[in-house]
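S.K.: Positions 1 to 205 (the UniProt record's numbering) are the ones given, in order, by the sequence shown. Okay, here's the structure, questions in a sec.
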Amino acid sequence: MVTVVPKTLAQDRYWDPKRLLLPLKRWLLLTFYLDTNSFRDLPDRRWLEQQLRPELEKLRGCSVLFVGCAYYTWEYLRAFHKSVDLKSADIDPVNKLWGSQKHLIADVLEIDNVLEPKSIDLVLLNGVFGHGVDSVEAQEKALRSLHRVLKPGGYLLVGWNCDRTSDPLALAACQNLFSKSGYKGLPSRNSFKESTHVIDFLKAK
Numbered sequence: 001m002v003t004v005v006p007k008t009l010a011q012d013r014y015w016d017p018k019r020l021l022l023p024l025k026r027w028l029l030l031t032f033y034l035d036t037n038s039f040r041d042l043p044d045r046r047w048l049e050q051q052l053r054p055e056l057e058k059l060r061g062c063s064v065l066f067v068g069c070a071y072y073t074w075e076y077l078r079a080f081h082k083s084v085d086l087k088s089a090d091i092d093p094v095n096k097l098w099g100s101q102k103h104l105i106a107d108v109l110e111i112d113n114v115l116e117p118k119s120i121d122l123v124l125l126n127g128v129f130g131h132g133v134d135s136v137e138a139q140e141k142a143l144r145s146l147h148r149v150l151k152p153g154g155y156l157l158v159g160w161n162c163d164r165t166s167d168p169l170a171l172a173a174c175q176n177l178f179s180k181s182g183y184k185g186l187p188s189r190n191s192f193k194e195s196t197h198v199i200d201f202l203k204a205k
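This is the structure in structure tokens:
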């Protein structure tokens with residue numbers, strides 16, 4: 001007979017006693033200092049709210065990695081059902097405030113060093129390319145790293161701005177490791193009038 005010893009809080013890699021204060025800090029900032037309403041009027045943000053978010057809310061029992069956290073992404077993390085194994089990652093420790101309960105302070109270029117291979121069903125990578133991960137070399141490395149943690153047939157959402165970076169679908173890593181694919185009835189590529197934002201869905205080979 002095998003006895004399973006439950007983890008103590010000190011042994012939990014995601015546990016941080018300061019996390020108890022995070023909900024209060026988030027509430028104060030969002031209520032009195034930060035305005036997220038202006039984003040909701042943008043055509044790309046309306047698509048995220050009206051088209052993508054309902055599909056994310058339907059997910060059950062899968063694993064999701066949300067890369068890049070800020071005060072205006074917090075609402076999207078709240079969309080997921082409690083049965084979803086939701087992890088977030090950001091290289092800036094300050095943004096832990098806007099991450100999930102299982103938040104990782106990590107570089108997306110090396111995310112395969114902190115997550116198990118073939119363990120993630122869906123990666124959301126929106127507003128990272130062209131906003132910190134800028135060079136072709138860095139983007140190639142990020143795609144290879146994400147491919148290692150995605151399950152075969154897992155999905156990668158890449159959101160990028162055509163005035164800030166070249167089309168990531170032209171990258172060798174993208175062409176070799178992924179195929180273009182729609183997601184939950186949404187097209188493989190989504191672009192918006194009066195916006196440079198483009199959102200692509202890719203499927204891991």
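Glycine included, each C-beta is placed from N, C-alpha and C at the ideal position.
Which whole-angstrom value describes the C-beta separation of L157 and N126, a residue pair presumed to lie in contact below a C-beta threshold of 8 Å?
M.R.: Between N126 and L157 the Cβ distance is about 6 Å, and since that is below 8 Å, they are a contact.
S.K.: Sort out for me which residues DSSP pairs N113 with in a bridge.
M.R.: Per DSSP, none; premise fails for N113.
S.K.: Keeping to the same chain, check which residues put their C-beta closer than 8 Å to that of M1; ignore five residues upstream and five downstream.
M.R.: Confidence in M1 is poor, its pLDDT being 46 and thus under 50, which makes the residue's placement unreliable; the coordinate value appears in the next sentence. Excluding positions up to five away in sequence, the list is empty.
S.K.: Counting Cβ pairs closer than 8 Å, one from the stretch 137–151 and one from the stretch 80–100, do we hit at least three?
M.R.: No, the stretch 137–151 does not touch the stretch 80–100.
S.K.: Judging by CA-CA distance, which residue of L186, E194, N190, P152 is the nearest neighbour of F178?
M.R.: Per the Cα distances, P152.
S.K.: Taking the continuous alpha helix (DSSP H) assigned at V67, which residues delimit it?
M.R.: First-last for V67: 63–67, but that is the beta strand (DSSP E), not the alpha helix (DSSP H).
S.K.: Please classify Q139 as buried or exposed, where buried requires at least 16 other C-beta atoms within 10 Å of its C-beta.
M.R.: Buried.
S.K.: Return the chain-ordered list of same chain residues with a C-beta closer than 7 Å to the C-beta of R78, the five sequence neighbours on each side being excluded.
M.R.: Excluding residues within five positions, none has a Cβ falling inside 7 Å.
S.K.: Give the secondary structure of R78 by DSSP, where H, G and I count as helix, E and B as strand, and everything else as coil.
M.R.: Coil.
S.K.: Should A204 be labelled buried (16 or more other beta-carbon atoms within 10 Å of its own) or exposed?
M.R.: Looking at its Cβ environment, which holds 16 or more other Cβ atoms inside 10 Å, A204 is buried.
S.K.: Taking the alpha-carbon positions, what's the E75 to L65 distance?
M.R.: Taking the straight line joining both Cα atoms gives about 15 Å.
S.K.: How long is the line joining the alpha carbons of S83 and I120, rounded to whole angstroms?
M.R.: Roughly 14 Å separates the two Cα atoms.
S.K.: Looking at C-alpha atoms only, which residue of R189, K193, V198 is the closest neighbour of C162?
M.R.: Ranking R189, K193, V198 by Cα distance to C162 puts V198 first.
S.K.: Taking 8 Å as the limit between beta carbons, can you name the residues of its chain near T180, skipping five residues before and five after?
M.R.: Here residue 180 is Lys; the residue named in the question, Thr, does not match the sequence. Closer than 8 Å at Cβ, skipping near neighbours: L169, S188, R189, D200, F201, L202, K203.
S.K.: For V123, count neighbouring Cβ atoms within 10 angstroms of its own Cβ and tell me buried if that reaches 16, exposed if not.
M.R.: Classification for V123: buried.
S.K.: On the DSSP bridge assignment, give the partners of K128 in chain order.
M.R.: Contrary to the premise, residue 128 reads as Val rather than Lys in this sequence. According to DSSP, V128 bridges with nothing at all.
S.K.: Let me check one thing: in DSSP terms, what residues is N190 bridge-paired to?
M.R.: BP columns for N190 point to I199.
S.K.: Could you tell me the boundaries of the alpha helix (DSSP H) in which L150 lies?
M.R.: Counting along the chain, L150 falls outside any alpha helix (DSSP H), though it belongs to the beta strand (DSSP E) covering 150–161.
S.K.: So if DSSP puts Y183 in a beta bridge, which residue, or which two residues, is it bridged to?
M.R.: L186.
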